[in-house]
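Reading through the C-alpha coordinates given below for one structure.
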Amino acid sequence: MKLKAVAAAAIGAVAFCFGAAPDGGLGFAAAAAQGQSVRPEVGKPLQAAAALIKSGKYKDALAKLREVEAVGGRTGNENYMLESMRVAAASGAGDADTMVRSFEVMKSSGNVAAAEQLRIMESIAGTYLRNNENGKALNWAQRYFKEGGNSATMKQVLQNAQFLTGDMASTIRDVSEEINADEKAGRTPSADKLNLLLNAAMRAKDGNAEAMALEKLLAYYPKKEYWADVLGRVQRKSTFSDRFALDVYRLQLATGNMKSANDYMEMSQLAVQAGSAAEGKEVVDKGFAAGVLGAGAEGERHKRLRDLMVKRLAESKAGEAEAEAQAKAAKDGNALANLGLGVAYNGQAAKGAKLIEEGIAKGSLKRPEDAKLHLGLAHMLAGDVSKAQQTWRSVRGNDGAADLARLWVIQSRSAKR
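Taken in order, the sequence shown gives residues -20 to -1, 1 to 397; the numbers are from mature numbering (1 follows the signal peptide of the UniProt record, and there is no 0).
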(Lines of atoms letter the chains of each structure in order from A and count residues from 1; the text may use other names and numbers.)
(Lines give C-alpha, C1' and ligand atoms only; values in the text may rest on other atoms or scores of the structure.)
Protein backbone atom coordinates (compact mmCIF):
# COMPACT_ATOMS: atom_id res chain seq x y z
CA MET A 1 0.00 0.00 0.00
CA LYS A 2 1.26 3.49 -0.80
CA LEU A 3 2.17 5.69 2.13
CA LYS A 4 -0.35 8.38 1.19
CA ALA A 5 -3.16 5.85 1.28
CA VAL A 6 -2.06 4.52 4.67
CA ALA A 7 -1.79 7.98 6.14
CA ALA A 8 -5.07 9.13 4.62
CA ALA A 9 -6.92 6.17 6.09
CA ALA A 10 -5.55 6.71 9.57
CA ILE A 11 -5.89 10.49 9.52
CA GLY A 12 -9.40 10.21 8.11
CA ALA A 13 -10.35 7.97 11.02
CA VAL A 14 -8.90 10.47 13.48
CA ALA A 15 -10.78 13.33 11.82
CA PHE A 16 -14.00 11.36 12.20
CA CYS A 17 -13.46 10.57 15.87
CA PHE A 18 -11.98 13.92 16.87
CA GLY A 19 -13.71 16.54 14.75
CA ALA A 20 -12.77 20.11 15.72
CA ALA A 21 -15.46 21.92 17.73
CA PRO A 22 -16.39 25.53 16.92
CA ASP A 23 -14.46 26.72 19.97
CA GLY A 24 -11.30 25.00 18.76
CA GLY A 25 -11.46 22.22 21.35
CA LEU A 26 -12.02 18.52 20.71
CA GLY A 27 -15.60 17.68 19.85
CA PHE A 28 -16.77 14.11 20.45
CA ALA A 29 -20.50 14.42 19.87
CA ALA A 30 -20.51 12.91 16.39
CA ALA A 31 -18.07 10.17 17.37
CA ALA A 32 -20.01 9.34 20.51
CA ALA A 33 -23.21 9.11 18.51
CA GLN A 34 -21.51 6.45 16.43
CA GLY A 35 -20.20 4.63 19.47
CA GLN A 36 -16.65 5.64 18.57
CA SER A 37 -15.83 8.14 21.31
CA VAL A 38 -12.37 8.38 22.84
CA ARG A 39 -11.20 10.30 25.86
CA PRO A 40 -9.44 13.65 25.42
CA GLU A 41 -6.21 12.29 26.99
CA VAL A 42 -6.11 9.79 24.12
CA GLY A 43 -7.58 12.01 21.42
CA LYS A 44 -5.22 14.96 21.83
CA PRO A 45 -1.97 13.04 21.17
CA LEU A 46 -3.66 11.15 18.34
CA GLN A 47 -4.63 14.39 16.67
CA ALA A 48 -1.14 15.76 17.23
CA ALA A 49 0.32 12.62 15.65
CA ALA A 50 -2.03 13.00 12.69
CA ALA A 51 -0.78 16.55 12.15
CA LEU A 52 2.84 15.37 12.31
CA ILE A 53 2.14 12.67 9.73
CA LYS A 54 0.54 15.20 7.40
CA SER A 55 3.67 17.33 7.65
CA GLY A 56 5.97 14.37 7.02
CA LYS A 57 7.39 14.16 10.55
CA TYR A 58 6.87 10.43 10.93
CA LYS A 59 9.38 9.68 13.69
CA ASP A 60 8.00 12.56 15.74
CA ALA A 61 4.54 11.10 15.21
CA LEU A 62 5.72 7.73 16.55
CA ALA A 63 7.12 9.46 19.61
CA LYS A 64 3.86 11.34 20.16
CA LEU A 65 1.92 8.06 20.02
CA ARG A 66 3.90 6.77 22.99
CA GLU A 67 1.96 9.31 25.06
CA VAL A 68 -1.18 7.34 24.25
CA GLU A 69 0.50 4.15 25.46
CA ALA A 70 0.96 5.80 28.85
CA VAL A 71 -2.80 6.26 29.24
CA GLY A 72 -4.27 3.48 31.36
CA GLY A 73 -7.52 1.62 30.84
CA ARG A 74 -7.71 2.17 27.10
CA THR A 75 -10.81 0.90 25.35
CA GLY A 76 -10.74 -1.41 22.37
CA ASN A 77 -11.55 1.50 20.08
CA GLU A 78 -8.77 3.63 21.56
CA ASN A 79 -6.28 0.82 20.98
CA TYR A 80 -7.51 0.39 17.44
CA MET A 81 -7.06 4.10 16.73
CA LEU A 82 -3.59 4.04 18.28
CA GLU A 83 -2.42 1.12 16.14
CA SER A 84 -4.03 2.51 12.99
CA MET A 85 -2.19 5.79 13.47
CA ARG A 86 1.03 3.92 14.28
CA VAL A 87 0.81 1.97 10.99
CA ALA A 88 0.66 5.27 9.10
CA ALA A 89 3.56 6.83 11.02
CA ALA A 90 5.71 3.69 10.79
CA SER A 91 5.07 3.43 7.06
CA GLY A 92 6.40 6.93 6.55
CA ALA A 93 9.36 6.25 8.82
CA GLY A 94 10.18 3.03 6.96
CA ASP A 95 9.73 0.98 10.14
CA ALA A 96 8.13 -2.17 8.76
CA ASP A 97 8.50 -4.21 11.96
CA THR A 98 6.41 -1.67 13.88
CA MET A 99 3.85 -1.72 11.08
CA VAL A 100 3.59 -5.50 11.39
CA ARG A 101 3.04 -5.41 15.15
CA SER A 102 0.35 -2.75 14.85
CA PHE A 103 -1.33 -4.49 11.95
CA GLU A 104 -1.58 -7.79 13.81
CA VAL A 105 -3.19 -6.01 16.77
CA MET A 106 -5.66 -4.29 14.45
CA LYS A 107 -6.48 -7.51 12.64
CA SER A 108 -7.06 -9.42 15.88
CA SER A 109 -9.70 -6.87 16.83
CA GLY A 110 -11.88 -8.10 13.98
CA ASN A 111 -12.63 -4.53 12.93
CA VAL A 112 -10.40 -4.30 9.85
CA ALA A 113 -12.18 -4.87 6.55
CA ALA A 114 -10.54 -7.31 4.14
CA ALA A 115 -9.76 -4.59 1.60
CA GLU A 116 -8.06 -2.49 4.28
CA GLN A 117 -6.01 -5.49 5.42
CA LEU A 118 -4.75 -5.96 1.88
CA ARG A 119 -3.80 -2.29 1.60
CA ILE A 120 -1.78 -2.46 4.82
CA MET A 121 -0.08 -5.70 3.78
CA GLU A 122 0.87 -4.03 0.51
CA SER A 123 2.50 -1.20 2.42
CA ILE A 124 4.34 -3.61 4.73
CA ALA A 125 5.75 -5.64 1.82
CA GLY A 126 6.83 -2.52 -0.06
CA THR A 127 8.50 -1.08 3.03
CA TYR A 128 10.46 -4.28 3.65
CA LEU A 129 11.59 -4.29 0.01
CA ARG A 130 12.78 -0.69 0.22
CA ASN A 131 14.69 -1.62 3.38
CA ASN A 132 16.40 -4.50 1.53
CA GLU A 133 14.76 -7.02 3.89
CA ASN A 134 13.90 -9.12 0.88
CA GLY A 135 12.92 -12.34 2.66
CA LYS A 136 10.35 -10.51 4.76
CA ALA A 137 9.11 -8.63 1.69
CA LEU A 138 8.62 -11.93 -0.11
CA ASN A 139 6.73 -13.46 2.83
CA TRP A 140 4.34 -10.54 3.05
CA ALA A 141 3.82 -10.38 -0.72
CA GLN A 142 2.98 -14.08 -0.75
CA ARG A 143 0.61 -13.61 2.16
CA TYR A 144 -1.04 -10.70 0.33
CA PHE A 145 -1.85 -12.84 -2.72
CA LYS A 146 -2.86 -15.81 -0.59
CA GLU A 147 -5.47 -13.61 1.09
CA GLY A 148 -6.95 -12.47 -2.21
CA GLY A 149 -4.91 -9.46 -3.31
CA ASN A 150 -4.46 -8.74 -7.01
CA SER A 151 -2.52 -5.48 -7.22
CA ALA A 152 -0.17 -5.08 -10.22
CA THR A 153 2.18 -3.11 -7.98
CA MET A 154 2.36 -6.02 -5.57
CA LYS A 155 3.16 -8.34 -8.47
CA GLN A 156 6.27 -6.25 -9.02
CA VAL A 157 7.11 -6.37 -5.31
CA LEU A 158 6.70 -10.16 -5.33
CA GLN A 159 8.84 -10.64 -8.41
CA ASN A 160 11.59 -8.30 -7.22
CA ALA A 161 11.64 -10.02 -3.83
CA GLN A 162 11.87 -13.41 -5.52
CA PHE A 163 14.79 -12.21 -7.61
CA LEU A 164 16.61 -10.59 -4.70
CA THR A 165 16.24 -13.70 -2.53
CA GLY A 166 17.73 -15.82 -5.32
CA ASP A 167 14.56 -17.62 -6.40
CA MET A 168 15.23 -17.30 -10.13
CA ALA A 169 12.93 -20.14 -11.14
CA SER A 170 9.89 -18.44 -9.57
CA THR A 171 10.93 -15.07 -10.98
CA ILE A 172 11.21 -16.48 -14.49
CA ARG A 173 7.89 -18.31 -14.20
CA ASP A 174 5.89 -15.39 -12.80
CA VAL A 175 7.39 -12.67 -15.01
CA SER A 176 6.99 -14.82 -18.12
CA GLU A 177 3.33 -15.33 -17.28
CA GLU A 178 2.88 -11.57 -16.85
CA ILE A 179 4.57 -10.84 -20.17
CA ASN A 180 2.41 -13.41 -21.96
CA ALA A 181 -0.71 -11.93 -20.37
CA ASP A 182 0.32 -8.44 -21.49
CA GLU A 183 0.79 -9.61 -25.06
CA LYS A 184 -2.50 -11.50 -25.16
CA ALA A 185 -4.27 -8.37 -23.93
CA GLY A 186 -2.57 -6.25 -26.58
CA ARG A 187 -0.36 -4.44 -24.06
CA THR A 188 3.35 -3.82 -24.50
CA PRO A 189 5.28 -5.48 -21.65
CA SER A 190 7.21 -2.92 -19.63
CA ALA A 191 10.97 -2.65 -20.04
CA ASP A 192 11.31 -3.30 -16.29
CA LYS A 193 9.58 -6.68 -16.64
CA LEU A 194 11.69 -7.67 -19.60
CA ASN A 195 14.93 -6.63 -17.91
CA LEU A 196 13.96 -8.54 -14.76
CA LEU A 197 13.30 -11.65 -16.84
CA LEU A 198 16.61 -11.22 -18.66
CA ASN A 199 18.60 -10.84 -15.44
CA ALA A 200 16.90 -13.82 -13.81
CA ALA A 201 17.41 -15.98 -16.89
CA MET A 202 21.10 -15.12 -17.10
CA ARG A 203 21.63 -15.91 -13.42
CA ALA A 204 19.75 -19.18 -13.76
CA LYS A 205 21.56 -19.97 -17.03
CA ASP A 206 18.18 -20.56 -18.61
CA GLY A 207 18.97 -20.12 -22.31
CA ASN A 208 15.36 -20.30 -23.46
CA ALA A 209 14.16 -17.61 -21.07
CA GLU A 210 17.18 -15.45 -21.85
CA ALA A 211 16.52 -15.71 -25.57
CA MET A 212 12.88 -14.76 -25.07
CA ALA A 213 13.77 -11.78 -22.90
CA LEU A 214 16.36 -10.51 -25.36
CA GLU A 215 14.06 -10.88 -28.32
CA LYS A 216 11.15 -9.13 -26.67
CA LEU A 217 13.26 -6.36 -25.12
CA LEU A 218 14.81 -5.44 -28.43
CA ALA A 219 11.60 -6.03 -30.39
CA TYR A 220 9.57 -3.68 -28.19
CA TYR A 221 12.35 -1.22 -27.30
CA PRO A 222 14.79 -1.21 -30.26
CA LYS A 223 16.88 1.74 -29.14
CA LYS A 224 20.64 1.85 -29.12
CA GLU A 225 20.91 2.01 -25.33
CA TYR A 226 19.22 -1.38 -25.02
CA TRP A 227 21.35 -2.78 -27.80
CA ALA A 228 24.49 -1.60 -25.99
CA ASP A 229 23.29 -3.26 -22.80
CA VAL A 230 22.41 -6.54 -24.50
CA LEU A 231 25.67 -6.69 -26.45
CA GLY A 232 27.57 -6.07 -23.24
CA ARG A 233 25.70 -8.89 -21.51
CA VAL A 234 26.42 -11.32 -24.33
CA GLN A 235 30.14 -10.54 -24.28
CA ARG A 236 30.28 -11.03 -20.51
CA LYS A 237 29.02 -14.59 -20.75
CA SER A 238 31.74 -16.97 -19.57
CA THR A 239 31.44 -19.09 -22.72
CA PHE A 240 31.62 -16.19 -25.19
CA SER A 241 34.60 -16.49 -27.55
CA ASP A 242 36.95 -13.57 -28.27
CA ARG A 243 37.03 -14.54 -31.94
CA PHE A 244 33.64 -12.83 -32.34
CA ALA A 245 35.05 -9.35 -31.62
CA LEU A 246 34.49 -8.29 -35.24
CA ASP A 247 30.97 -9.71 -35.23
CA VAL A 248 30.14 -7.70 -32.11
CA TYR A 249 31.45 -4.57 -33.82
CA ARG A 250 29.20 -5.34 -36.80
CA LEU A 251 26.16 -5.27 -34.55
CA GLN A 252 27.40 -2.15 -32.77
CA LEU A 253 27.75 -0.41 -36.12
CA ALA A 254 24.32 -1.56 -37.27
CA THR A 255 22.64 -0.37 -34.04
CA GLY A 256 24.43 2.98 -33.67
CA ASN A 257 26.73 1.90 -30.86
CA MET A 258 30.15 2.76 -32.26
CA LYS A 259 31.29 5.19 -29.60
CA SER A 260 34.87 6.19 -30.29
CA ALA A 261 37.55 6.55 -32.92
CA ASN A 262 39.21 3.46 -31.49
CA ASP A 263 36.05 1.45 -32.20
CA TYR A 264 36.12 2.38 -35.89
CA MET A 265 39.87 1.87 -36.18
CA GLU A 266 39.91 -1.52 -34.48
CA MET A 267 36.91 -2.78 -36.41
CA SER A 268 38.42 -1.77 -39.75
CA GLN A 269 41.67 -3.57 -38.96
CA LEU A 270 39.87 -6.69 -37.74
CA ALA A 271 37.86 -6.70 -40.97
CA VAL A 272 41.03 -6.62 -43.08
CA GLN A 273 42.55 -9.42 -41.01
CA ALA A 274 39.38 -11.46 -41.61
CA GLY A 275 39.75 -11.02 -45.38
CA SER A 276 37.06 -8.34 -45.67
CA ALA A 277 39.03 -5.33 -46.93
CA ALA A 278 35.95 -3.69 -48.49
CA GLU A 279 34.22 -3.82 -45.12
CA GLY A 280 37.30 -2.30 -43.45
CA LYS A 281 37.26 0.64 -45.87
CA GLU A 282 33.50 1.06 -45.43
CA VAL A 283 33.92 1.25 -41.65
CA VAL A 284 36.61 3.93 -41.95
CA ASP A 285 34.47 5.90 -44.40
CA LYS A 286 31.56 5.79 -41.94
CA GLY A 287 33.84 6.98 -39.15
CA PHE A 288 34.84 10.00 -41.25
CA ALA A 289 31.22 10.65 -42.24
CA ALA A 290 30.23 10.62 -38.56
CA GLY A 291 32.96 13.12 -37.71
CA VAL A 292 34.58 10.64 -35.34
CA LEU A 293 37.62 10.08 -37.54
CA GLY A 294 39.73 12.73 -39.26
CA ALA A 295 39.65 15.39 -36.55
CA GLY A 296 41.72 16.29 -33.52
CA ALA A 297 45.24 15.26 -32.63
CA GLU A 298 44.76 11.80 -34.18
CA GLY A 299 43.35 13.17 -37.44
CA GLU A 300 46.47 12.46 -39.51
CA ARG A 301 46.65 8.92 -38.16
CA HIS A 302 43.06 8.36 -39.21
CA LYS A 303 43.87 9.56 -42.72
CA ARG A 304 46.80 7.17 -42.94
CA LEU A 305 44.45 4.38 -41.90
CA ARG A 306 42.04 5.36 -44.66
CA ASP A 307 44.89 5.28 -47.19
CA LEU A 308 45.86 1.84 -45.90
CA MET A 309 42.29 0.60 -46.33
CA VAL A 310 42.29 1.80 -49.96
CA LYS A 311 45.54 -0.08 -50.57
CA ARG A 312 44.28 -3.28 -48.88
CA LEU A 313 41.05 -3.15 -50.89
CA ALA A 314 42.96 -2.83 -54.16
CA GLU A 315 45.15 -5.77 -53.19
CA SER A 316 42.09 -7.81 -52.27
CA LYS A 317 40.39 -7.16 -55.60
CA ALA A 318 43.56 -7.98 -57.51
CA GLY A 319 43.94 -11.31 -55.75
CA GLU A 320 40.27 -12.28 -55.57
CA ALA A 321 40.22 -14.58 -58.60
CA GLU A 322 43.29 -16.49 -57.45
CA ALA A 323 41.94 -16.74 -53.87
CA GLU A 324 38.66 -18.11 -55.21
CA ALA A 325 40.42 -20.70 -57.35
CA GLN A 326 42.55 -21.86 -54.42
CA ALA A 327 39.53 -22.04 -52.15
CA LYS A 328 37.59 -24.18 -54.63
CA ALA A 329 40.57 -26.47 -55.05
CA ALA A 330 40.99 -27.01 -51.31
CA LYS A 331 39.96 -30.32 -49.77
CA ASP A 332 37.67 -28.69 -47.21
CA GLY A 333 35.27 -25.75 -47.28
CA ASN A 334 37.04 -23.45 -44.79
CA ALA A 335 38.65 -21.16 -47.38
CA LEU A 336 35.41 -20.80 -49.34
CA ALA A 337 33.46 -19.95 -46.19
CA ASN A 338 36.05 -17.35 -45.17
CA LEU A 339 36.30 -15.84 -48.64
CA GLY A 340 32.56 -15.53 -49.18
CA LEU A 341 31.82 -12.83 -46.64
CA GLY A 342 34.65 -10.64 -47.95
CA VAL A 343 33.24 -10.98 -51.44
CA ALA A 344 29.76 -10.10 -50.13
CA TYR A 345 31.04 -6.90 -48.53
CA ASN A 346 32.87 -6.09 -51.77
CA GLY A 347 29.60 -5.46 -53.56
CA GLN A 348 28.94 -9.04 -54.71
CA ALA A 349 26.66 -10.21 -51.93
CA ALA A 350 24.83 -12.90 -53.88
CA LYS A 351 28.11 -14.40 -55.10
CA GLY A 352 29.56 -14.20 -51.59
CA ALA A 353 26.58 -16.07 -50.14
CA LYS A 354 26.96 -18.75 -52.83
CA LEU A 355 30.65 -19.18 -51.98
CA ILE A 356 29.84 -19.67 -48.29
CA GLU A 357 27.11 -22.19 -49.19
CA GLU A 358 29.64 -24.08 -51.33
CA GLY A 359 32.06 -24.11 -48.42
CA ILE A 360 29.41 -25.47 -46.05
CA ALA A 361 28.40 -28.12 -48.58
CA LYS A 362 32.04 -29.12 -49.10
CA GLY A 363 32.25 -29.88 -45.40
CA SER A 364 35.07 -30.46 -42.89
CA LEU A 365 34.63 -26.92 -41.60
CA LYS A 366 36.58 -25.96 -38.53
CA ARG A 367 33.68 -23.81 -37.32
CA PRO A 368 30.45 -24.60 -39.18
CA GLU A 369 28.28 -22.39 -36.93
CA ASP A 370 30.47 -19.38 -37.69
CA ALA A 371 29.98 -20.09 -41.39
CA LYS A 372 26.19 -20.09 -40.98
CA LEU A 373 26.35 -16.85 -38.99
CA HIS A 374 28.28 -15.20 -41.82
CA LEU A 375 26.07 -16.75 -44.50
CA GLY A 376 23.17 -14.94 -42.86
CA LEU A 377 25.11 -11.67 -43.14
CA ALA A 378 25.79 -12.32 -46.83
CA HIS A 379 22.09 -12.97 -47.48
CA MET A 380 21.21 -9.75 -45.65
CA LEU A 381 23.75 -7.79 -47.72
CA ALA A 382 22.12 -9.30 -50.80
CA GLY A 383 18.77 -7.95 -49.63
CA ASP A 384 17.24 -11.34 -48.83
CA VAL A 385 16.27 -10.71 -45.22
CA SER A 386 13.94 -13.71 -44.98
CA LYS A 387 16.68 -16.08 -46.08
CA ALA A 388 19.11 -14.39 -43.71
CA GLN A 389 16.75 -14.87 -40.77
CA GLN A 390 16.13 -18.50 -41.72
CA THR A 391 19.89 -19.11 -41.78
CA TRP A 392 20.50 -17.35 -38.47
CA ARG A 393 17.81 -19.41 -36.77
CA SER A 394 19.74 -22.55 -37.64
CA VAL A 395 22.91 -21.45 -35.80
CA ARG A 396 23.67 -23.48 -32.68
CA GLY A 397 26.30 -23.59 -29.94
CA ASN A 398 27.09 -21.70 -26.75
CA ASP A 399 30.31 -19.90 -27.70
CA GLY A 400 28.59 -16.79 -29.04
CA ALA A 401 27.61 -17.68 -32.61
CA ALA A 402 24.01 -18.52 -31.71
CA ASP A 403 23.67 -15.44 -29.49
CA LEU A 404 24.89 -13.17 -32.27
CA ALA A 405 22.70 -14.89 -34.86
CA ARG A 406 19.64 -14.39 -32.67
CA LEU A 407 20.50 -10.71 -32.29
CA TRP A 408 20.86 -10.33 -36.05
CA VAL A 409 17.36 -11.77 -36.48
CA ILE A 410 16.02 -9.13 -34.12
CA GLN A 411 18.05 -6.32 -35.66
CA SER A 412 16.93 -7.24 -39.16
CA ARG A 413 13.29 -7.02 -38.03
CA SER A 414 13.89 -3.57 -36.55
CA ALA A 415 15.68 -2.41 -39.68
CA LYS A 416 12.65 -3.37 -41.81
CA ARG A 417 10.25 -1.28 -39.72
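C-beta: ideal position from N, C-alpha, C; glycine also.
S88 is not a Cβ neighbour of V67, given a cutoff of 8 Å. The beta carbon of V228 is closer than 7 Å to those of L211, Q215 in its chain, skipping five residues each way along the sequence.
Counting along the chain, the unbroken alpha helix (DSSP H) around N57 starts and ends at 56 to 73. Contiguous beta strand (DSSP E) elements confined to the region 294 to 365 do not occur, taking only those with 3 or more residues. Each residue's CA atom was taken as its position, placing A301 and L387 some 33 Å apart. If you check the CB distance, D243 and Q232 come in under 8 Å.
In this structure V264 touches M289 by the C-beta definition: roughly 5 Å separates them, less than 8 Å.
Cβ neighbours of K367 within its own chain (closer than 7 Å, five residues either side excluded): H359. According to the DSSP assignment, A258 belongs to the alpha helix (DSSP H) that extends over 257 to 269. E205 is classed as exposed because its beta carbon has fewer than 16 other beta carbons within 10 Å across all chains shown. In this structure, L316 keeps its C-beta atom at 8 Å or more from the C-beta atom of A324. Annotation for Y201: no alpha helix (DSSP H) segment contains it, and DSSP assigns it neither H nor E. For the pair E127 and L118, the Cα-to-Cα distance works out to about 14 Å. With fewer than 16 other Cβ atoms from the protein chains shown falling within 10 Å of its own Cβ, R110 counts as exposed. Taken through DSSP and simplified to helix, strand or coil, D379 comes out as coil.
L355 is positioned such that its CB atom lies no closer than 8 Å to that of A329. When the alpha-carbon of M86 is set against those of N57, E349, D77, the nearest one is in N57.
Contact annotation: the region 340 to 351 does not touch the region 261 to 279, with fewer than three C-beta pairs closer than 8 Å. Taking 8 Å as the cut-off, the beta carbon of A70 is found closer than this to the beta carbon of M79. Membership of L250 in the alpha helix (DSSP H) is indicated by the continuous run 241 to 253. Annotation for A208: N237 place their beta carbon closer than 6 Å to its own, counting only its chain and skipping 5 residues before and after. The Cβ-Cβ distance between L198 and A257 does not fall below 8 Å.
In this structure, L285 keeps its C-beta atom at 8 Å or more from the C-beta atom of A254. Rounded to the nearest whole angstrom, the CA to CA distance from A41 to K116 is 25 Å. Around the CB of N130, fewer than 16 other CB atoms lie within 10 Å, so the residue is classed as exposed. Following the DSSP letters along the chain, one finds S82 inside the alpha helix (DSSP H) bounded by residues 76 to 88. DSSP places T145 outside both helix and strand once states are collapsed to three, so it counts as coil. Apart from sequence neighbours up to five positions away, the residues of its chain that approach V51 with a beta-carbon distance below 7 Å are E21, V22, ordered along the chain. Per DSSP, reduced to three states, the secondary structure at V22 is helical. When C-alpha distances from F224 are compared across F268, R153, G380, N175, the shortest belongs to G380.
In the three-state scheme derived from DSSP, where H, G and I count as helix and E and B as strand, F125 is classed as helix. By alpha-carbon distance to L357, the top candidate from N179, I340, G332, I152 is G332. In chain order, L316 place their CB closer than 6 Å to the CB of E338, counting only its own chain and leaving out the 5 sequence neighbours on each side. Relative to the Cα of F143, the nearest Cα in the group K173, T168, F125 belongs to K173.
Separation of D75 and K39 (C-alpha to C-alpha, rounded to the nearest whole angstrom) is 9 Å.
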